[in-house]
Ligand SMILES: [Zn+2]
Ligand SMILES: [Zn+2]
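Numbering (the working numbering), first residue to last: 58 to 350.
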């Protein structure tokens, strides 16, 4: 079984919900029959991710994330980075420092290193232009990204990017998203995920941050049994997210299986009450969605 739980469901500027980061868990049986999952994958870890996961560890079914009252980051085995905005990467320094300085006392004292996964260009930029300032200096030496993480840089291949797998069975294919255009479409790297259960061939679509681009995503969203799509509630002349009004133009059978996430703080105004009927609703924070049985 594969499950997905949003640490938060909010936009970069949301204050009522945390940033849109998600915890994917692999189960041999199911969450009610195991004390913890077999494997874990974080989709992004933004600036308030550490607060969100600290709250999640106290919820029923997520106790395995706690150690002596704090978050046991050793339980996060893999981290996928969709892009470099702070609501998606701002928590990584804390996660890595917790592994190195706080949670490394057991065993031989060596720090646990999760695997960090993304395209080559994101991982290079992630270190050079985001993380290096705070994470390079260590007592007595300079550190590199590989001092904190095992690195899986996905290579560009003829059909896009090479996929990665979790627990062998679940295939994650990344695709570029039309999020920020500097001069042209796709020139600032940003990715979404198409997840497949290779035993059943069922699939799930996760948009990442993107402008409305249904023409490109339609084959994936039509095939997927469940879709998660970022959305922006208010109109904007130059949006960098899919406007809710644009998502409403998708076919009804696609809308019915689409969960809207990355939304602003005004979601519970009466004017958005149609989302629960027209779509699969607004994403619920700390709710364990079953992706594949
Ligand atoms: Zn974002
Ligand atoms: Zn973004």
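No residue lacks a Cβ here, since even glycine has one placed at the ideal position from N, Cα and C. Computed from a predicted model, the values in this text were never measured in an experiment.
Whose beta carbon lies closer than 5 Å to any heavy atom of ligand 2, going through the chain in order?
Qualifying residues, in the order they occur: 142, 266.
Determine the direct distance from the alpha carbon of residue 115 to that of residue 230, and round the result to whole angstroms.
As a working mapping, residue 230 is identified with position 173 in the chain shown. As a working mapping, residue 115 is identified with position 58 in the chain shown. For residue 230 and residue 115, the distance between alpha carbons rounds to 32 Å.
Compute the beta-carbon to beta-carbon distance between residue 93 and residue 121, rounded to the nearest angstrom, for a pair I have assumed lies under 8 Å.
Locating residue 93 in the chain shown gives position 36, where the first residue counts as 1. Locating residue 121 in the chain shown gives position 64, where the first residue counts as 1. Correct: roughly 3 Å between the Cβ atoms.
Going by other Cβ atoms of all chains shown within 10 Å of its Cβ, with 16 needed for buried, is residue 295 buried or exposed?
Reading the chain shown from its first residue, position 238 is the one you call residue 295. That one is exposed.
Verify whether the separation of the beta carbon atoms of residue 64 and residue 106 is less than 8 Å.
Sequence index remark: in the chain shown, residue 64 carries index 7 (1-based). Sequence index remark: in the chain shown, residue 106 carries index 49 (1-based). Yes, Cβ-Cβ distance for residue 64 and residue 106 is below 8 Å.
Considering only residues of the same chain and omitting the five flanking positions on each side of residue 193, which have a CB-CB separation below 8 Å?
What you label residue 193 is simply residue 136 of the chain shown in a count that begins at 1. Here the set comprises 199, 200, 201.
Let's test the definition: count the other Cβ atoms within 10 Å of the Cβ of residue 334 and tell me whether it reaches 16, buried, or not, exposed.
The sequence position of residue 334 within the chain shown is 277, counting from 1. With fewer than 16 Cβ atoms within 10 Å of its Cβ, residue 334 is classed as exposed.
Would you report the Cα separation of residue 66 and residue 196, rounded to the nearest angstrom?
Walking along the chain shown from the start, residue 66 turns up at place 9. Walking along the chain shown from the start, residue 196 turns up at place 139. Going from the Cα of residue 66 to the Cα of residue 196 covers about 37 Å.
Let me check you understand the geometry: is the CB of residue 69 closer than 7 Å to at least one non-hydrogen atom of ligand 1?
Within the chain shown, residue 69 is the residue found at index 12, counting from 1. Result yes, Cβ under 7 Å from ligand 1.
So what does residue 227 bridge to, in DSSP terms?
Stepping through the chain shown from its first residue, residue 227 is reached at position 170. Residue 227 is bridged to 223, 254.
Which first and last residues belong to the beta strand (DSSP E) in which residue 60 is found?
Position 3 of the chain shown, counting from 1, holds the residue named residue 60. First-last of the beta strand (DSSP E) with residue 60: 59-63.
Within 10 angstroms of the Cβ of residue 338, are there 16 or more other Cβ atoms? Answer buried if so, exposed if not.
Against the chain shown, residue 338 aligns to sequence position 281. Its Cβ having fewer than 16 others within 10 Å, residue 338 is exposed.
Does the region 132-145 come within contact of the region 165-180, defined as at least 3 CB pairs closer than 8 Å?
Enough Cβ pairs lie closer than 8 Å, so yes.
Roughly how many angstroms lie between the CA atoms of residue 234 and residue 247, to the nearest whole one?
Along the chain shown, read from residue 1 onward, the residue named residue 234 stands at position 177. Along the chain shown, read from residue 1 onward, the residue named residue 247 stands at position 190. Rounded to whole angstroms, residue 234 to residue 247 spans 5 Å at the Cα level.
Assuming contact is defined by CB atoms lying nearer than 8 Å, are residue 315 and residue 336 in contact in what I supplied?
Taking the chain shown and counting its residues from 1, one reaches residue 315 at position 258. Taking the chain shown and counting its residues from 1, one reaches residue 336 at position 279. The answer is yes: Cβ separation under 8 Å.
Can you tell me which of the three DSSP states residue 217 falls into?
Taking the chain shown and counting its residues from 1, one reaches residue 217 at position 160. Strand at residue 217.
Using 8 Å as the threshold, is the C-beta distance between residue 113 and residue 81 below it?
On the chain shown, position 56 is the one that residue 113 refers to. On the chain shown, position 24 is the one that residue 81 refers to. Contact: no.
Closer than 7 Å to a non-hydrogen atom of ligand 1 - does that hold for the CB of residue 77?
To locate residue 77, count along the chain shown from 1; it is residue 20. The answer is yes for residue 77.
At which residues does the alpha helix (DSSP H) containing residue 200 begin and terminate?
In the chain shown, the residue the question calls residue 200 occupies position 143. Careful: residue 200 lies outside any alpha helix (DSSP H) and carries neither H nor E.
For residue 120, which of helix, strand or coil comes out of DSSP?
Position 63 of the chain shown, counted from the start, is the residue given in the question as residue 120. Helix, per DSSP.
In the structure shown, what three-state DSSP assignment does residue 249 receive?
Your numbering for residue 249 matches position 192 in the chain shown. Residue 249: strand per DSSP, three-state reduction.
Out of 272, 263, 310, 244, which has the shortest C-alpha to C-alpha gap to residue 287?
Here residue 287 refers to the residue found at position 230 of the chain shown. Of the candidates 272, 263, 310, 244, the one whose C-alpha sits nearest the C-alpha of residue 287 is 263.
Between residue 212 and residue 255, how many whole angstroms is the CB-CB distance? I'm expecting something under 8 Å.
On the chain shown, residue 212 is found 155 positions in, with the first residue counted as 1. On the chain shown, residue 255 is found 198 positions in, with the first residue counted as 1. Their Cβ separation, rounded to whole angstroms, is 20 Å, which puts residue 212 and residue 255 out of contact at 8 Å.
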